[in-house]
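Asker: I'd like to ask some things about the structure below.
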Amino acid sequence: METTMKIRKAERRDLQALLDIYNYEVEHGVATFDIHPKDLAQWEAWFNAHNTDNHPLLVAETGGHVAGYASLSAYREKEAYRSTVELSVYIAPGDRRKGIASALMEEILRMAREDERTHSVISVITAENEASIRLHERFGFEFCGCLPEVGVKFGRYLGVTNYRLGV
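Set out below in structure tokens:
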């Protein structure tokens, strides 16, 4: 049976699903350096910072559930960085390797290119996250450097790589 995927703007009803996807990675993965799960109040504040200005938040819905999300967030709080956004893409563990991340990337980068307020898209990726690195490179992101051993998660020092796409 074929399942169709729909990419759409995130809605408040998606909050718990988005939180569950993120917290799974907090507790089991290294895509985020958060080490404590977020609660719904924290996640609502994050949600409210999106779908305004040049900070869209999209979800991929498939089989009646949220399978993943992509967001463009403020890169830094200083005003000079306003035209630079930071990309995040998270996929539910049971929905990985199905093209969902690529579909989300394609749509959110289309939005970034069409928004005259956005000049650069940055991704800060855990150095050992090869799947994410390959995904970004497929979409034309350029490697801009690595900061080795800047975080500790699960008792291991981890580095981050920085990627940039001019839009």
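Residue numbers are given in the numbering used here: position 92 of the sequence shown equals residue 1125, and the series is strictly consecutive. Every residue, glycine too, gets a C-beta built ideally from N, C-alpha and C.
1. When you compare only the Cα positions, how much space is there between H1169 and V1200?
2. Please name the residue, chosen from K1071, A1078 and D1128, that lies closest to G1101 on a Cα-to-Cα basis.
3. Would you check if the distance between the CB atom of I1158 and the CB atom of A1103 is smaller than 8 Å?
4. What is the C-beta distance between L1051 and A1043, in whole angstroms, given that I count them as a contact (C-beta under 8 Å)?
5. As a quick exercise: from T1085, C1179, A1074 and Y1123, pick the residue whose alpha carbon is nearest that of A1145.
6. For the stretch 1172-1198, list the beta strand (DSSP E) runs that are entirely contained and at least 3 residues long, ordered along the chain.
7. What are the boundary residues of the beta strand (DSSP E) that H1098 is part of?
8. I need the straight-line Cα distance from V1059 to G1192, nearest angstrom please.
9. Tell me the DSSP secondary structure of E1161 in three-state form.
10. Helix, strand or coil: how does DSSP classify E1094 here?
11. Between E1077 and Q1049, what straight-line distance do the alpha-carbon atoms span, to the nearest angstrom?
12. Could you give the first and the last residue of the continuous beta strand (DSSP E) run that contains E1119?
13. Return the Cβ separation of Y1055 and K1039 in integer angstroms, given the expectation that the two are a contact with Cβ distance under 8 Å.
14. Relative to the C-alpha of S1156, which candidate in F1176, E1112 and E1149 has its C-alpha closest?
15. Label P1126 either buried or exposed according to how many other C-beta atoms from any shown protein chain fall within 10 Å of its C-beta, with 16 as the threshold for buried.
16. Just mark L1180 as buried or exposed, buried being the case when its beta carbon has 16 or more other beta carbons within 10 Å.
Answerer: So, to answer that:
1. 14 Å
2. When each option's Cα is compared against that of G1101, the closest is D1128.
3. No, Cβ-Cβ distance for I1158 and A1103 is not below 8 Å.
4. 7 Å
5. Closest option to A1145, Cα to Cα, is T1085.
6. For the stretch 1172-1198, whole beta strand (DSSP E) runs of length 3 or above, ordered along the chain, are 1175-1186.
7. H1098 to A1107
8. Here the alpha carbons of G1192 and V1059 stand approximately 16 Å from one another.
9. coil
10. strand
11. 9 Å
12. T1117 to I1124
13. About 20 Å; that fails the 8 Å criterion.
14. Closest by alpha carbon: F1176.
15. exposed
16. exposed
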